[in-house]
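Take the sequence shown: its letters are residues 1 to 157, numbered as in full-length UniProt numbering. Note that beta-carbon positions come from the ideal geometry of N, C-alpha and C, so glycine has one too. All values reported here derive from a predicted model rather than from experimental measurement.
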Amino acid sequence: MSTFARRRIIQDLNKINKEKNKSFEASPFADNIMYCHAIIRGPDDTIWECGIFHLIIHFSEEYPVSPPKLRFLSKIYHPNIYSDGNICLDILQNQWSPIYDITSILTSIQSLLNDPNTSSPANPEAARIFINNRNLYNKRVLVRKPKRKNNKLMFFI
1 MSTFARRRII QDLNKINKEK NKSFEASPFA DNIMYCHAII RGPDDTIWEC
51 GIFHLIIHFS EEYPVSPPKL RFLSKIYHPN IYSDGNICLD ILQNQWSPIY
101 DITSILTSIQ SLLNDPNTSS PANPEAARIF INNRNLYNKR VLVRKPKRKN
151 NKLMFFI
């Protein structure tokens with residue numbers, strides 16, 4: 001494993017933990033730091049509010065020179081999300097730069113939820129409905145609020 005990639009992933013994860021951002025979190029798999037589990041909370045005051053979205057991040061040996069691969073585990077209806085959960089986002093493809101870190105990636109994905117790129121959709125039907133019939137799109141998104149048990153949030157993927 002690339003020592004540089006490993007150090008950078010640890011640095012990125014430490015930054016997230018230090019900032020205590022309530023919008024998202026990420027932690028490595030216990031047996032392999034090249035894989036992380038991330039959670040993104042839906043942006044406030046949007047149809048995504050109260051949504052809890054689980055993702056897997058896979059880093060290559062070339063990180064941060066090459067972007068990580070991210071995939072939603074949560075089923076999501078969105079113009080830029082493929083049916084298998086893969087994400088169509090320019091910074092994860094042709095606009096990648098080593099200055100991006102896990103924080104900037106998760107922030108970009110959270111922003112993408114409410115502001116999709118309909119000119120380059122992964123889900124053309126969702127893009128068409130988003131453009132032509134926002135009410136129908138909002139119904140298809142249908143974000144459910146997390147359940148509470150004993151005043152603790154319980155999340156399901």
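* Tell me, to the nearest whole angstrom, how far the beta carbon of residue 78 is from that of residue 135; I am working on the premise that it is less than 8 angstroms. => With 8 angstroms as the limit, residue 78 and residue 135 do not qualify as a contact, their Cβ atoms being about 16 angstroms apart.
* Output yes or no for whether 8 angstroms exceeds the beta carbon distance between residue 67 and residue 96. => yes
* For the alpha helix (DSSP H) holding residue 137, just list the boundary residues, first then last. => 134-141
* **Between the CA atoms of residue 81 and residue 38 - distance to the nearest angstrom** => 16 angstroms
* DSSP puts residue 63 in a beta bridge; with which residues? -> Per DSSP, none; premise fails for residue 63.
* When we look at the beta-carbon of residue 24 and count the other beta-carbons within 10 Å, is it buried (16 or more) or exposed? -> buried
* Asked: From the DSSP output, which residues share a beta bridge with residue 28?
  -> 36
* What's the gap between the Cα of residue 137 and the Cα of residue 114? -> 12 angstroms
* To do: Spell out a yes or no on whether the region 47-65 and the region 7-22 are touching, meaning 3 or more CB-CB pairs, one atom from each, closer than 8 angstroms.
  => yes
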